[in-house]
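Chemist: Please see the structure below; I have some questions.
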Amino acid sequence: MASGRPVLGEKKRSTAVVPIRLPGHETGDTDDARLSDVDEWGRSERTRALARTIYEPVYSKWFRTEWTGLEKIPSEGGSLLVANHAGAIPSDAPVIMHGIEKELDRPVYGLADYFFRTVPVVGTLWARAGGVSARPGNAYRLLREQQQLALVFPEGTKGPSKSFTDRYQLRRFGRGGFVEIAMRAGVPVVPIAVVGSEEAMPVIFRLPTLARTLGVPYVPITANLLAMGPLGAVVPFPAKLKLQELDPVYFDVPPVQDRYSNSRIMEESEMIRSRIQEAVYDMLRDRRSVWFG
Amino acid sequence: MGRRALVTGADMFWGGRMIQALESDPSMDVILGMGTSAPSVPFERAEFVRADQTYSILNRIVKATQVDTILHTFMITNSTTVPRRAMHEVNVIGTMNLLAAAGTAGSSVRHIVVKSSTLVYGSAASDPNTFSEDTPRTSPVKNSVERALVEAEGMVRDFSEDNPGTRVTVLRFANVLGAHLTTPISRNLSRPLCPSIFGFDPLLQFVEEDDVVRALLHVTRGGVPGLYNVAGDGRLPWSEVAHLCGTRLVPLSPFSPLKLRPLSRLFDLPAELEDLLRYGRGVDTRRFAATGFAYETSSAGAVRNFIRAVRLRKQSGREPLSYRYEHDVEQFFRHSPSVVGTGDF
Numbered sequence: 012m013a014s015g016r017p018v019l020g021e022k023k024r025s026t027a028v029v030p031i032r033l034p035g036h037e038t039g040d041t042d043d044a045r046l047s048d049v050d051e052w053g054r055s056e057r058t059r060a061l062a063r064t065i066y067e068p069v070y071s072k073w074f075r076t077e078w079t080g081l082e083k084i085p086s087e088g089g090s091l092l093v094a095n096h097a098g099a100i101p102s103d104a105p106v107i108m109h110g111i112e113k114e115l116d117r118p119v120y121g122l123a124d125y126f127f128r129t130v131p132v133v134g135t136l137w138a139r140a141g142g143v144s145a146r147p148g149n150a151y152r153l154l155r156e157q158q159q160l161a162l163v164f165p166e167g168t169k170g171p172s173k174s175f176t177d178r179y180q181l182r183r184f185g186r187g188g189f190v191e192i193a194m195r196a197g198v199p200v201v202p203i204a205v206v207g208s209e210e211a212m213p214v215i216f217r218l219p220t221l222a223r224t225l226g227v228p229y230v231p232i233t234a235n236l237l238a239m240g241p242l243g244a245v246v247p248f249p250a251k252l253k254l255q256e257l258d259p260v261y262f263d264v265p266p267v268q269d270r271y272s273n274s275r276i277m278e279e280s281e282m283i284r285s286r287i288q289e290a291v292y293d294m295l296r297d298r299r300s301v302w303f304g
Numbered sequence: 362m363g364r365r366a367l368v369t370g371a372d373m374f375w376g377g378r379m380i381q382a383l384e385s386d387p388s389m390d391v392i393l394g395m396g397t398s399a400p401s402v403p404f405e406r407a408e409f410v411r412a413d414q415t416y417s418i419l420n421r422i423v424k425a426t427q428v429d430t431i432l433h434t435f436m437i438t439n440s441t442t443v444p445r446r447a448m449h450e451v452n453v454i455g456t457m458n459l460l461a462a463a464g465t466a467g468s469s470v471r472h473i474v475v476k477s478s479t480l481v482y483g484s485a486a487s488d489p490n491t492f493s494e495d496t497p498r499t500s501p502v503k504n505s506v507e508r509a510l511v512e513a514e515g516m517v518r519d520f521s522e523d524n525p526g527t528r529v530t531v532l533r534f535a536n537v538l539g540a541h542l543t544t545p546i547s548r549n550l551s552r553p554l555c556p557s558i559f560g561f562d563p564l565l566q567f568v569e570e571d572d573v574v575r576a577l578l579h580v581t582r583g584g585v586p587g588l589y590n591v592a593g594d595g596r597l598p599w600s601e602v603a604h605l606c607g608t609r610l611v612p613l614s615p616f617s618p619l620k621l622r623p624l625s626r627l628f629d630l631p632a633e634l635e636d637l638l639r640y641g642r643g644v645d646t647r648r649f650a651a652t653g654f655a656y657e658t659s660s661a662g663a664v665r666n667f668i669r670a671v672r673l674r675k676q677s678g679r680e681p682l683s684y685r686y687e688h689d690v691e692q693f694f695r696h697s698p699s700v701v702g703t704g705d706f
C-alpha cells in the first residue's frame, strides 16, 4: 500500500476539478531535464568555468601564485581546508578555490558569512561561484554526505579587517567550530598557509561608524584606495602569492556525534592555528621581496 | 471493520481531491467532508457537512459519527485567498477546535493527518541550505500565514505529546505546482511577465500536486505518524523556472518594501513570496522517503507538468462548466428510498 498510484487514475468523475487530462502526462525522464547546471548549493560549473577563465590571468600573471604541497589535499573524499585570511578584500579565497579546482579538478565550496547572501547580485554570483554560507549544517552536509572539499577561514572577518600593522598575526580561530564540524563529519582538516594576501590590499584604517550605519561587517580604507582612487576598491596590488599546504590533521574520534569534548576542540583548533602561524613565519623568513617572492 | 474518515476543507482544492481519492479506497467505510461553502467537485459517496470556518461543530460531528481518522487539509498556506483575520481563524482556531474534538475523553479518533507547509521554516539569508524536520527556523516569523502555521503546528505538537494513543502526522509541503492548482507562484508563472527581486536568483523546490495527494494518501492508509517534509527532488533557480515557463522576469527593486513598489501591484506578490524570491528554501526529504513513499515527479518535473497544462489551457479555449453542488440533489441520491443500486448516477 506504499504508493497508491492507481487510485488517482481510477477516479471516475474527475472532470470538474480536472477539466483537462494531459496526454503524455507521465513522460518520464524528459520531465527532469534542466536548463541550467546550478546545483543545490547554487554553484554552477559553467559559471565556475567562466570565472576560472577570467581569473586565470589574475592568478598566474598578476599574483604569480605558487603552491607547495598541493599533493597533501586528498584527491577523494571530504576535507575541510582551513587557511589564514587577510587583505581588505581577501585574495586568498578566490586564489585557493581557483588553484585547487585547476590542479585537482575538484570543486571547492567556499564557506563564508551569510552576509554575502543579502547583497543583491554579489550574493547570487558568490553562490554560483561556489560560495556557501558558513553554517554547521551546511558544512556537515558538504563534507559528510557529499564528500566535497570545503574551504573555511576560521578567523572570519577578524582576519581581513585587521590593520596592516598586525599583518600575518593570525587572529583567534573563532570558537573552534571548524574542528567540531570536521570531527562530526569524520574528515581531515587540511591547513593552508598563505603569504602575500596582506600586501595585496593592506588595510590602513577602518570606519566602524560607517560600517554600523551601512550594516556591513567592516569598512576599510586601503592603501589601494589611496594609491589608485576608486579603482583601488577592487584592484589588489600585484603581491607575489605563495601558498603552502600543511599535513592534514586527522582526528581520532568517532564521527556523527552530537557533542565532542570542548577542551579537545579548543586544543586542536589552537594547534592548527599555531601550525599555520609557524608556516607563515617560515615563509616570511624565506621571502626576499613582497613583489617577487 | 472499515475506516471512517473526516476530511476538513472539503470545499477547497485539497479537501476535494483527497475525498475523491479516498472514495476509490474500498477500505474507507465512511467519508465525511466538512467545508464552509459548497464543494466544488462532485463526491460519489462522501457526505458533505457545512460548518463555519472555525469548525466549532466538529466536536459534535466527531462524537456522532465516531470517525477514526481526521485529514486536516483546511490549512491555508496561500495568504491571497483569505483576509488576514480569517487566516488566523481558519488555521489556528480551526486547528484548535479540531484537536479539542479529537482529544475529548473516549474519542474515537486514532489518527490525525495535518497538511502543513514548509513556510514554517521561513526564508532568510541566515538559513541553512537544507532544512531537515528538526532544524529550527533562523529568522523571526514575519507574515501572517507563517505565524498562523507555526502556531497551528505548535498546537498539533502539544496534542501529540498529550495524546500518545493518537497517531499524529504532519506533512510540510514545499511550494506546489501542477496542472490544476492556482497559487500566486503559478499565476505569476503563467503570465508573460513574472516578478523577481533584482540581484537575487533563489533556489526553489517544488512538489507536484498529484504527489501531494499521494503523500497524504500514503500516510492516511499506512497510518504513518511523524513530522515530514514533502518536496520533489532537486532545486531550480527562479530564473530557470521562469525560463522553463516561457515568462520574462521583471526585476523589482530589492531595497524598497514591497508595498511601495509600483510594479509589484501588477503581480501577485504576497508577503510570504517576497522573502522566498530572495533566499529560496530547500528541505531534506529523506525522512519521508524512508517511510516507503516514492515520488512520481521531481521539482523540475512539477514545473514542466504545470507549464504544459497552462499551455494547453491557453490554446484550447474555455474550460467546461464546473460542477455545482446541489444539496437536495446529493441528499436525494444518497438517502432516498427510491434510489436503487449503487454507482455512478
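Chains A and B supply the protein sequences, listed in that same order.
Using my numbering, the first residue of the first sequence is number 12, and each one after it goes up by one.
Using my numbering, the first residue of the second sequence is number 362, and each one after it goes up by one.
A virtual CB, placed ideally from N, CA and C, is assigned to each residue, including glycine.
Please tell me whether A/V201 and A/I84 are closer than 8 angstroms, where the distance is taken between their beta carbons.
Modeler: By 1-based counting over the first sequence, the position of residue 201 of chain A is 190. By 1-based counting over the first sequence, the position of residue 84 of chain A is 73. For A/V201 and A/I84, yes; Cβs fall inside 8 angstroms.
Chemist: Answer with yes or no whether the minimum CB distance from A/R327 to chain B is below 8 angstroms.
Modeler: Past the edges of chain A, shown from 12 to 304, lies residue 327 of chain A, and the structure says nothing about it.
Chemist: Check the Cβ of B/Y640 against every Cβ in chain A and list those closer than 8 angstroms, keeping chain order.
Modeler: As a working mapping, residue 640 of chain B is identified with position 279 in the second sequence. Result: R128.
Chemist: Would you check if the distance between the CB atom of A/V198 and the CB atom of A/L91 is smaller than 8 angstroms?
Modeler: Residue mapping note: residue 198 of chain A aligns to position 187 of the first sequence, counting from 1. Residue mapping note: residue 91 of chain A aligns to position 80 of the first sequence, counting from 1. Yes, these two residues count as a Cβ contact at 8 angstroms.
Chemist: Report the option in B/L532, B/Q692, B/L564, B/H541 whose CA atom is closest to the CA atom of B/G584.
Modeler: Here residue 584 of chain B corresponds to residue number 223 of the second sequence, with the count starting at 1. Nearest option by C-alpha distance: B/L532.
Chemist: What three-state label does DSSP hand A/A211 in the structure shown?
Modeler: Locating residue 211 of chain A in the first sequence gives position 200, counting from the first residue. A/A211 falls in the helix class under three-state DSSP.
Chemist: Between A/T168 and the rest of its own chain, which residues show a CB-CB distance below 8 angstroms, the 5 nearest in sequence each way excluded?
Modeler: Along the first sequence, read from residue 1 onward, the residue named residue 168 of chain A stands at position 157. So the qualifying residues of the chain are D124, P228, Y229.
Chemist: Ignore the nearest five residues each way along the sequence and tell me which others in B/E408's own chain have a CB closer than 6 angstroms to its CB.
Modeler: As a working note, residue 408 of chain B is residue 47 in the second sequence. These residues qualify, in order along the chain: L393.
Chemist: Check for me: the alpha helix (DSSP H) holding B/F693 runs from which residue to which?
Modeler: Residue numbering aside, residue 693 of chain B sits at position 332 when the second sequence is read from its first letter. That run of the alpha helix (DSSP H) goes 688-696.
Chemist: Along chain A, which residues have their Cβ under 9 angstroms away from the Cβ of B/N490?
Modeler: In the second sequence, residue 490 of chain B corresponds to position 129, counting from 1. Those are E51, W52, G53, V143, S144, R146, G148, N149, R152, L153, listed as they occur along chain A.
Chemist: Can you pull the chain A neighbours of B/D562, defined as C-beta to C-beta under 7 angstroms?
Modeler: For the purposes of this step, residue 562 of chain B is identified with residue 201 of the second sequence, where counting begins at 1. Within 7 angstroms Cβ-Cβ: T135.
Chemist: Go ahead and pull the three-state DSSP assignment for A/W73.
Modeler: As a first step, residue 73 of chain A must be located in the first sequence, where it is residue number 62. Correct three-state label for A/W73: helix.
Chemist: What do you reckon, are the CB atoms on B/V391 and B/I380 nearer than 8 angstroms?
Modeler: As a position in the second sequence, residue 391 of chain B is number 30, starting the count at 1. As a position in the second sequence, residue 380 of chain B is number 19, starting the count at 1. Cβ atoms of B/V391 and B/I380: not closer than 8 angstroms.
Chemist: Name the DSSP bridge partner or partners of B/T430?
Modeler: Walking along the second sequence from the start, residue 430 of chain B turns up at place 69. Beta-bridge analysis with DSSP links B/T430 to B/A366, B/H472.
Chemist: Between the C-alpha atoms of B/R596 and B/L565, what's the straight-line distance to the nearest angstrom?
Modeler: Position 235 of the second sequence, counted from the start, is the residue given in the question as residue 596 of chain B. Position 204 of the second sequence, counted from the start, is the residue given in the question as residue 565 of chain B. B/R596 and B/L565: Cα-Cα distance of roughly 5 angstroms.
Chemist: What residues match up with B/F534 in a beta bridge as DSSP calls it?
Modeler: Counted from its first residue, the second sequence places residue 534 of chain B at position 173. Looking at the DSSP assignment, B/F534 forms a beta bridge with B/S478, B/V591.
Chemist: In the DSSP assignment, what are the bridge partners of B/E569?
Modeler: Indexing the second sequence from 1 puts residue 569 of chain B at position 208. DSSP, once it has assigned bridges, lists B/L538 as partnering B/E569.
Chemist: In angstroms with no decimal places, state the Cα-to-Cα distance between B/A661 and A/D43.
Modeler: Counting from 1 along the second sequence, the entry for residue 661 of chain B is found at position 300. Counting from 1 along the first sequence, the entry for residue 43 of chain A is found at position 32. Each residue's alpha carbon lies about 5 angstroms from the other.
Chemist: Give the list of continuous alpha helix (DSSP H) stretches no shorter than 4 residues that lie fully inside the region 238-297 of chain A.
Modeler: 273-297
Chemist: Closer than 8 angstroms, CB to CB, is A/D269 near chain B or not?
Modeler: Walking along the first sequence from the start, residue 269 of chain A turns up at place 258. No, no contact with chain B.
Chemist: Evaluate A/R32 with the Cβ neighbour count: other Cβ atoms within 10 Å of its Cβ, from every protein chain shown; 16 or more gives buried, anything less gives exposed.
Modeler: One-based indexing of the first sequence puts residue 32 of chain A at position 21. Residue placement at A/R32 is flagged as unreliable, the pLDDT there being 39, under the threshold of 50; a coordinate-derived value is accordingly withheld.
Chemist: Is B/D372 near B/S417, with beta carbons less than 8 angstroms apart?
Modeler: Along the second sequence, one-based indexing puts residue 372 of chain B at 11. Along the second sequence, one-based indexing puts residue 417 of chain B at 56. Cβ atoms of B/D372 and B/S417: not closer than 8 angstroms.
Chemist: By Cβ distance, which residues of its chain are closer than 6 angstroms to A/T38, with the 5 residues on each side in sequence left out?
Modeler: Here residue 38 of chain A corresponds to residue number 27 of the first sequence, with the count starting at 1. Only weak support exists for where A/T38 lies, its pLDDT of 42 falling under 50; the value from the coordinates is given anyway. So no residue of the chain qualifies.
Chemist: Whole angstroms are fine: how far does the CA of B/T543 sit from the CA of B/G607?
Modeler: Taking the second sequence and counting its residues from 1, one reaches residue 607 of chain B at position 246. Taking the second sequence and counting its residues from 1, one reaches residue 543 of chain B at position 182. Their Cα atoms are separated by approximately 18 angstroms.
Chemist: What does A/V132 touch in chain D if you count any residue whose Cβ is under 7 angstroms from its own?
Modeler: Among the protein chains of the structure shown, namely A and B, there is no chain D.
Chemist: Tell me the residue span of the beta strand (DSSP E) that contains B/T527.
Modeler: Taking the second sequence and counting its residues from 1, one reaches residue 527 of chain B at position 166. Per DSSP, B/T527 belongs to no beta strand (DSSP E) and is neither H nor E.
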